[in-house]
Amino acid sequence: MDAETTETTRLVEQLTARLRAAGDPQTAEGAKRYLKSDLLHYGVRLPVIRKAVADSVRANGRLGHPQLVACTRALWAPEVHESRIAAAILLERHVPVLRPEDTALLEELLRDSRTWALVDLLAGSVAGRLLLREPAVVDTYRRWAAEEHQWIRRSGILGFLLSVGDDAGFAPYWPVFTEIGDPLLEDPRFFVRKALGWVLRQASKKHPAEVHGWLLPRAGRSSGVTVREAVRYLDDGQREAVLTAYRRGETTPA
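Going by the working numbering, 925 is the number at position 9 of the sequence shown; the sequence numbering is gapless.
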């Protein structure tokens, strides 16, 4: 066994043991029921998992690309919720190591996620940070958003969550998000609708006029969950205009 393999094995074993030891059966039962999860749950809360990953990285050193991929796959392989969350957090902490082609790894994990709790970490955080570093991945996110697969479509939307709230990212990525988001406003699935609302809400924190101007003529064909999320940071007049158009089912040429 070479040094790199030993390093990877040590980190995964240490982290797995720590997660298992931190588990609580009552917490596990509640989380499994809440997430409607078919995975094994140890019952470890997210802040504890984050600290365990941070401590493991600190103790073993930051990972190079091959070690990162190996550790991610090793942590993901067991059908254990906390182990898979730890894999996503490990990627999140190593986004500077990731490459554009690693969207293939992210997609593989997303297709196997089966729950928003994993999708949102991988898409909203990891994929979102990767887009800010590697503009070339935008075409992958376009493709994801166009897929019928619920979690892949949600990921294609959430991949823009950070960029539309970023000072430098809004100008290049808001037009892309609105282009892919427009036909998705009528998607009947809650998790797609909610994701659209989250991205609009994030954009509205710094760019309320742009969000209001885009959403108002589309409010009548948007879902309630999308609209309610999107208007949170709009001013009173903008919010009421969008809500009124939504309630009346109004649409105008965009």
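Every residue, glycine too, gets a C-beta built ideally from N, C-alpha and C.
Assigned secondary structure, residue i (DSSP; H/G/I helix, E/B strand, else coil)
i	result
L955	coil
K1122	coil
P1104	coil
Y1149	coil
G1181	Since the first residue of the chain shown is 917 and the last is 1170, residue 1181 is not available in this structure.
G1044	helix
S1138	coil
E1008	helix
M917	The predicted model places M917 with a pLDDT of 47, which falls under 50 and marks its position as unreliable; any figure quoted below should be read in that light. In the structure shown, M917 sits in coil (DSSP, three-state: anything other than H, G, I, E or B).
A1039	helix
S1029	coil
L878	Outside the modelled stretch of the chain, which goes from 917 to 1170, sits residue 878, for which no answer is possible.
Whether residue i touches residue j by CB criterion (8 Å)
i	j	result
S999	T932	yes
L1077	G1044	yes
L1034	V996	no
D1151	P1124	yes
Bridge partners - residue i, DSSP secondary structure assignment
i	result
V996	L956
Inter-residue spacing [alpha-carbon to alpha-carbon] between residue i and residue j
i	j	result
T1094	W1130	8 Å
I965	P994	16 Å
A1157	Y1089	25 Å
G1140	Y1162	8 Å
T924	R1069	32 Å
Q1154	E1145	14 Å
L1021	P1012	15 Å
G959	H1010	25 Å
Q1066	E1050	25 Å
A1084	V1092	14 Å
I1096	F1086	15 Å
R926	V973	11 Å
L1006	A1119	27 Å
A1039	A986	20 Å
Residue i: first and last residue of the uninterrupted alpha helix (DSSP H) it sits in
i	result
P1091	1086-1097
L1132	Neither: L1132 is in no alpha helix (DSSP H) and is coded neither H nor E.
S1079	Neither: S1079 is in no alpha helix (DSSP H) and is coded neither H nor E.
V1053	Looking at the DSSP string, V1053 is not in any alpha helix (DSSP H), and its letter there is neither H nor E.
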